[in-house]
Amino acid sequence: MIANFLCNNTTLTSLNLSGKSEDVIANNNIGSECGKEFANTLLKNKTLKYLNLCGNELGSEGAKELADALYKNTTLTSLELSGNNIGLDGGIAIAQALITNTMLNSLNLGYNNFGEDGGKELAVALRINTTLSSLNLYGNNIGYVGGKELAKALCENNALKDLNLSHNFLGPEVAKEFILALPKNTTLISLDLSENSLGSEELNLLDYIENDNNTLKYFKSITVIKK
Numbered sequence: 101m102i103a104n105f106l107c108n109n110t111t112l113t114s115l116n117l118s119g120k121s122e123d124v125i126a127n128n129n130i131g132s133e134c135g136k137e138f139a140n141t142l143l144k145n146k147t148l149k150y151l152n153l154c155g156n157e158l159g160s161e162g163a164k165e166l167a168d169a170l171y172k173n174t175t176l177t178s179l180e181l182s183g184n185n186i187g188l189d190g191g192i193a194i195a196q197a198l199i200t201n202t203m204l205n206s207l208n209l210g211y212n213n214f215g216e217d218g219g220k221e222l223a224v225a226l227r228i229n230t231t232l233s234s235l236n237l238y239g240n241n242i243g244y245v246g247g248k249e250l251a252k253a254l255c256e257n258n259a260l261k262d263l264n265l266s267h268n269f270l271g272p273e274v275a276k277e278f279i280l281a282l283p284k285n286t287t288l289i290s291l292d293l294s295e296n297s298l299g300s301e302e303l304n305l306l307d308y309i310e311n312d313n314n315t316l317k318y319f320k321s322i323t324v325i326k327k
């Protein structure tokens with residue numbers, strides 16, 4: 101078992117099990133039990149910096165185990181977990197781990213269906229976390245409530261540089277929240293709000309970004325891209 105091998109390995113720094121590169125074991129559907137074994141690996145391995153487990157049906161239980169490992173792991177800097185159906189419980193567990201984790205700088209939680217409450221918990225984490233620089237939350241049904249809280253979190257966060265909230269049913273009111281939040285944020289460089297039905301507020305947000313924002317370099321929405 102790969103997870104057992106990694107416990108004592110002292111050289112491997114990157115592992116991709118998602119089917120997205122040439123060094124890969126394609127979409128294994130390893131499930132929650134194997135997810136627990138990988139979590140145990142993260143407690144023992146001292147060299148792994150990048151772990152990609154996208155599309156492996158970890159579920160909420162597997163995500164919880166990985167979240168527990170993030171409290172103690174001191175080497176992992178990039179974690180890819182998109183398409184694992186971790187749900188609300190898994191999303192909350194990982195969000196809570198981010199409050200104390202000081203190593204991760206890149207996290208992909210796309211297509212995990214943790215909804216508005218999961219978005220709210222991640223917003224709480226972003227207000228406290230000082231190391232995460234890239235967060236991908238596309239396709240999680242975050243909605244207005246979760247999107248509003250994430251926008252407000254940017255007022256206090258001074259680490260995040262890249263935020264992807266595409267395909268989350270945010271709506272025009274969340275665009276208004278970003279117009280209010282972005283002037284108070286000095287670190288965000290890239291923001292993706294595409295496929296969120298922003299309506300007329302999309303143009304208002306773009307107008308602010310083009311004329312008044314000094315830090316955001318890349319903005320993507322339904323019809324317009326600023327580079």
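Each residue of the sequence shown is one higher than the one before, starting from 101 at the first, in the working numbering. We put the beta carbon where it would ideally sit given N, CA and C, even for glycine. Treat the numbers as computed from the prediction; the structure is a model and nothing was measured.
Item                                                                                                                                                : Value
Per DSSP, what kind of secondary structure is S160 in: helix, strand or coil?                                                                       : helix
On the CB-based measure, 16 or more other CB atoms within 10 Å of its CB, does I186 come out buried or exposed?                                     : buried
Using alpha carbons as the reference points, say which of L153, N173, I192, I199 lies closest to L179.                                              : L153
So L265 packs on L288, CB below 8 Å; how close in whole Å?                                                                                          : So it is not a contact: roughly 12 Å between Cβ atoms.
Where does F319 fall in DSSP's three states?                                                                                                        : strand
Secondary structure at Y150, three-state DSSP: helix, strand or coil?                                                                               : strand
Tell me which same chain residues have a C-beta within less than 6 Å of the C-beta of G239, skipping the five on either side of it?                 : G210, Y211, H267
At 3 residues or longer, what runs of the beta strand (DSSP E) sit wholly inside the stretch 249-306?                                               : 262-264, 290-292
Just to confirm the assignment: which complete beta strand (DSSP E) runs, minimum length 3, are found wholly within the stretch 202-227?            : 206-208
Under a Cβ-count criterion, where at least 16 other Cβ atoms within 10 Å of its own Cβ denotes burial, should K327 be classed as buried or exposed? : Residue placement at K327 cannot be trusted, given a pLDDT of 45 that sits under 50; what the coordinates show is reported in the next sentence. That one is exposed.
Does the structure place the stretch 159-167 close enough to the stretch 184-204 that three or more beta carbon pairs sit under 8 Å?                : yes
Return the residue from the list K248, L235, T177, T174 that minimises the CA-CA distance to A195.                                                  : L235
With L232 as the anchor, note down where its beta strand (DSSP E) starts and where it stops.                                                        : Looking at the DSSP string, L232 is not in any beta strand (DSSP E), and its letter there is neither H nor E.
Using the Cβ count rule (16 or more neighbours within 10 Å means buried), how would you classify N258?                                              : exposed
Terminal residues of the continuous beta strand (DSSP E) containing L115?                                                                           : 114-116
DSSP state of L181, grouped into three classes?                                                                                                     : coil
In whole angstroms, what separates the C-alpha of S297 from that of Y318?                                                                           : 19 Å
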